[in-house]
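Protein chains: 2
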Amino acid sequence: MVRTGSARRPANERAADTRRALVSAACDVLRTEGFAGATARTIAGRAGCNQGLVFYHFGSVVNLLLAALDEVSARRRDRYEAALESVDKTSELVALAAQIFSEDLDSGDAAVLVEMIAGAASTPGLGAAVKERIAPWNNFAVAALESVLGRSPILQVVEASEVAHAVVALYLGLELLSHLDGDRGPAMALFLQARRLAPVVDLLGNQLKEEK
Amino acid sequence: MVRTGSARRPANERAADTRRALVSAACDVLRTEGFAGATARTIAGRAGCNQGLVFYHFGSVVNLLLAALDEVSARRRDRYEAALESVDKTSELVALAAQIFSEDLDSGDAAVLVEMIAGAASTPGLGAAVKERIAPWNNFAVAALESVLGRSPILQVVEASEVAHAVVALYLGLELLSHLDGDRGPAMALFLQARRLAPVVDLLGNQLKEEK
DNA sequence: GTCTATACTTGGATAGAC
DNA sequence: GTCTATCCAAGTATAGAC
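Each protein sequence line maps, in turn, to chains A and B.
First residue of the first sequence? That's 1 in my numbering, and the numbers climb one at a time after it.
First residue of the second sequence? That's 213 in my numbering, and the numbers climb one at a time after it.
Rendered as structure tokens:
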């Protein structure tokens with residue numbers, strides 16, 4: 001077996017290791033320092049490797065940031081889809097949303113997304129790339145709404161995709177505000193209220209059904 | 213009369229002119245290039261003056277950006293308060309919100325706010341300064357809700373300040389998404405839906421009132 | 001594949017002429 | 001008060017040694 005590196009692991013595995021370390025560090029920096037603070041030096045420093053490797057492995061800083069966003073997106077999609085399995089009432093969905101929102105705040109995944117969207121303004125072409133990576137979020141929101149309201153006539157009154165857009169926007173806005181003052185209290189209180197009101201939505205759906 | 217400058221206007225007025233030009237340019241750059249692109253050189257270039265004047269007049273780039281945020285905040289507060297005068301039904305409030313949202317997208321005022329919030333992550337201490345300047349937004353949302361639902365028992369079910377927080381978050385999120393793909397369609401469609409549903413809210417309030 | 005060294009560019013900030 | 005010139009720090013990106 002041919003070995004080029006100095007360590008015991010094969011070269012291609014070491015490469016994968018540094019790629020992973022860089023992507024992970026990029027998430028970290030994006031979360032704590034924001035888009036404007038996400039420089040090659042800062043990220044490489046946190047990954048414990050040399051600054052030049054950013055360009056060797058990803059070509060540019062922006063590409064690395066997009067790779068970080070990819071990882072976050074994939075991780076969130078898996079988490080969301082798994083969680084959705086066990087839900088079929090509106091109040092359950094709201095409770096799930098609250099839990100996942102809290103998780104995303106802890107992991108910083110939501111912050112990564114927000115910083116990339118806001119940061120997209122400063123780099124030509126980045127906007128389109130970020131937009132592609134948002135689609136799964138929208139799709140999930142639509143799926144979640146339909147899984148809960150699928151048999152309710154409410155979705156004949158309001159378009160699911162429109163509500164989904166609102167949900168995603170609300171999610172991003174809440175992250176923005178929570179991150180600003182380091183206090184998720186207002187957001188969590190909101191989820192609590194929503195959960196309390198969830199039965200009303202189901203009730204409303206039934207009312208509409210009877211009127212038909 | 214003492215004159216130091218080369219133009220006909222007195223020196224102190226010229227100074228005020230450049231200050232205004234810089235603040236205006238800062239808004240512009242924040243809107244089009246984002247926080248990461250808001251550098252002293254870029255801003256001064258758009259203001260048509262020298263880069264050093266940023267530091268002479270404002271001490272640092274961040275201070276100039278905060279001044280820009282101040283101006284936007286003041287302008288929005290005046291606009292909001294004036295508009296609120298002529299509203300007392302929920303559907304009117306929603307229609308007003310839609311119009312103002314559209315205005316803020318055109319003027320870029322919403323973008324300035326979002327970029328400053330997201331950018332706050334990259335500069336220590338900026339978060340607190342931005343937070344102070346958000347308060348008026350919250351206050352306005354509370355006032356708007358109370359002016360419309362003041363006599364409705366709905367505000368005894370849900371706290372106005374909590375709903376206001378959600379409204380502000382939704383507003384920021386919609387701006388974030390609209391700006392990302394340069395398409396305000398989904399957001400405007402949402403306002404249209406909300407307006408259609410507004411009478412239901414009033415109806416619900418009346419129902420609750422009768423039950424008492 | 002990784003690291004060191006380095007070229008080049010941009011940005012923040014100040015000093016001194018006008 | 002404004003402009004030019006300049007310094008220095010930080011950032012992107014590449015070349016070449018290991």
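Heads up, the beta-carbon is just placed ideally off N, CA and C, and yes, glycines get one too.
This one's a predicted model, so the numbers in the text were calculated from it and none came from an experiment.
(message) Do Val306 (chain B) and Ala406 (chain B) count as a contact pair if the criterion is CB distance below 8 angstroms?
(response) Mapped onto the second sequence, residue 406 (chain B) falls at position 194. Mapped onto the second sequence, residue 306 (chain B) falls at position 94. When the beta-carbon positions are compared, Ala406 (chain B) and Val306 (chain B) come within less than 8 angstroms of each other.
(request) Note down, in chain order, each residue of its chain lying with its Cβ closer than 6 angstroms to the Cβ of Leu420 (chain B), except the 5 sequence neighbours on either side. (result) The residue given as residue 420 (chain B) occupies position 208 in the second sequence. Around Leu420 (chain B): Pro365.
(request) Please classify Cys49 (chain A): does DSSP put it in a helix, a strand, or coil? (result) Taking the first sequence and counting its residues from 1, one reaches residue 49 (chain A) at position 49. Coil at Cys49 (chain A), not helix or strand.
(message) Tell me the residue span of the alpha helix (DSSP H) that contains Arg31 (chain A).
(response) The residue given as residue 31 (chain A) occupies position 31 in the first sequence. Counting along the chain, the alpha helix (DSSP H) containing Arg31 (chain A) begins and ends at 11-33.
(request) Measure how close the beta-carbons of Glu175 (chain A) and Leu105 (chain A) come, nearest whole angstrom, since I'm counting them as under 8 angstroms. (result) Counting from 1 along the first sequence, the entry for residue 175 (chain A) is found at position 175. Counting from 1 along the first sequence, the entry for residue 105 (chain A) is found at position 105. Contact flag correct, Cβ pair sits at about 7 angstroms.
(request) Report the neighbours of Phe35 (chain A) on chain B: residues whose CB is nearer than 9 angstroms to its CB, in chain order. (result) Within the first sequence, residue 35 (chain A) is the residue found at index 35, counting from 1. Under the 9 angstroms cutoff, chain B gives Gly246, Phe247, Ala248, Ala330, Gly331, Ala333, Ser334.
(message) Please classify Arg221 (chain B) as buried or exposed, where buried requires at least 16 neighbouring CB atoms within 10 angstroms.
(response) To locate residue 221 (chain B), count along the second sequence from 1; it is residue 9. By the neighbour-count definition (other C-beta atoms within 10 Å, threshold 16), Arg221 (chain B) is an exposed residue.
(request) With a threshold of 16 other CB atoms inside 10 Å of the CB of Arg41 (chain A), please say whether the residue is buried or exposed. (result) Sequence index remark: in the first sequence, residue 41 (chain A) carries index 41 (1-based). Exposed, because fewer than 16 other Cβ atoms sit within 10 Å of the Cβ of Arg41 (chain A).
(request) Spatial neighbours of Trp163 (chain A) within its chain, please: CB distance less than 7 angstroms, with the 5 preceding and 5 following residues excluded, ordered by chain position. (result) As a working note, residue 163 (chain A) is residue 163 in the first sequence. The identity of residue 163 (chain A) in the sequence shown is Val, whereas the question assumes Trp. Closer than 7 angstroms at Cβ, skipping near neighbours: Leu145.
(request) State yes or no: is the beta carbon of Gln419 (chain B) nearer than 8 angstroms to at least one beta carbon in chain A? (result) By 1-based counting over the second sequence, the position of residue 419 (chain B) is 207. Chain A, which has no Cβ nearer than 8 angstroms to the Cβ of Gln419 (chain B), makes this no.
(request) Starting from the Cα of Val413 (chain B), find the closest Cα among B:Gly249, B:Gly362, B:Gly394 and give me that residue. (result) Locating residue 413 (chain B) in the second sequence gives position 201, where the first residue counts as 1. It is B:Gly362.
(request) Please report how far the alpha carbon of Arg231 (chain B) lies from the alpha carbon of Leu242 (chain B), in whole angstroms. (result) The sequence position of residue 231 (chain B) within the second sequence is 19, counting from 1. The sequence position of residue 242 (chain B) within the second sequence is 30, counting from 1. It is roughly 16 angstroms from the alpha-carbon of Arg231 (chain B) to the alpha-carbon of Leu242 (chain B).
(request) Would you kindly work out how many angstroms separate the C-alpha atoms of His391 (chain B) and Val354 (chain B), rounded to a whole number? (result) Against the second sequence, residue 391 (chain B) aligns to sequence position 179. Against the second sequence, residue 354 (chain B) aligns to sequence position 142. C-alpha separation (whole angstroms): 26 angstroms.
(request) Just the C-alpha distance for Tyr171 (chain A) and Asp282 (chain B), rounded to the nearest angstrom, thanks. (result) Residue 171 (chain A) sits at position 171 when you count from the first residue of the first sequence. Residue 282 (chain B) sits at position 70 when you count from the first residue of the second sequence. Distance between the alpha carbons of Tyr171 (chain A) and Asp282 (chain B) is about 26 angstroms.
(request) Keeping to the same chain, check which residues put their C-beta closer than 8 angstroms to that of Asp451 (chain B); ignore five residues upstream and five downstream. (result) Look at the range of chain B in this structure, 213 to 424, and you will see that residue 451 (chain B) is not part of it.
(message) Please report the straight-line C-alpha distance between Ala129 (chain A) and Phe352 (chain B), rounded to a whole angstrom.
(response) Within the first sequence, numbered from 1, the residue matching residue 129 (chain A) stands at position 129. Within the second sequence, numbered from 1, the residue matching residue 352 (chain B) stands at position 140. Cα-Cα distance, rounded: 35 angstroms.
(message) Short of 6 angstroms in beta carbon distance, which residues of its chain neighbour Ala310 (chain B), apart from the five on each side in sequence? Order them along the chain.
(response) One-based indexing of the second sequence puts residue 310 (chain B) at position 98. Hits under 6 angstroms: Phe403.
(request) With 7 angstroms as the limit, tell me which residues of the stretch 181-206 of chain A have their beta carbon closer than that to any beta carbon of chain B; keep them in chain order. (result) Among the residues of the stretch 181-206 of chain A, those with a Cβ less than 7 angstroms away from any Cβ of chain B are Asp181, Pro186, Ala189, Leu190, Gln193, in the order of the chain.
(request) With 9 angstroms as the limit, tell me which residues of the stretch 293-316 of chain B have their beta carbon closer than that to any beta carbon of chain A; keep them in chain order. (result) Hits within the stretch: zero.
(request) Return no unless some Cβ of chain A is closer than 8 angstroms to the Cβ of Val284 (chain B). (result) Locating residue 284 (chain B) in the second sequence gives position 72, counting from the first residue. False, the Cβ-Cβ gap to chain A never drops below 8 angstroms.
(request) Check the Cβ-Cβ distances between Val326 (chain B) and every residue of chain A, and say whether any is below 8 angstroms. (result) Within the second sequence, numbered from 1, the residue matching residue 326 (chain B) stands at position 114. At a cut-off of 8 angstroms between beta-carbon atoms, Val326 (chain B) makes contact with chain A.
(message) According to DSSP, is Gly185 (chain A) part of a helix, a strand, or is it coil?
(response) In the first sequence, counting from the first residue as 1, residue 185 (chain A) sits at position 185. In the three-state reduction of the DSSP assignment, Gly185 (chain A) falls in the helix class, which pools H, G and I.
(request) With a threshold of 16 other CB atoms inside 10 Å of the CB of Asp88 (chain A), please say whether the residue is buried or exposed. (result) Mapped onto the first sequence, residue 88 (chain A) falls at position 88. Answer is exposed; the Cβ neighbour count stays below 16.
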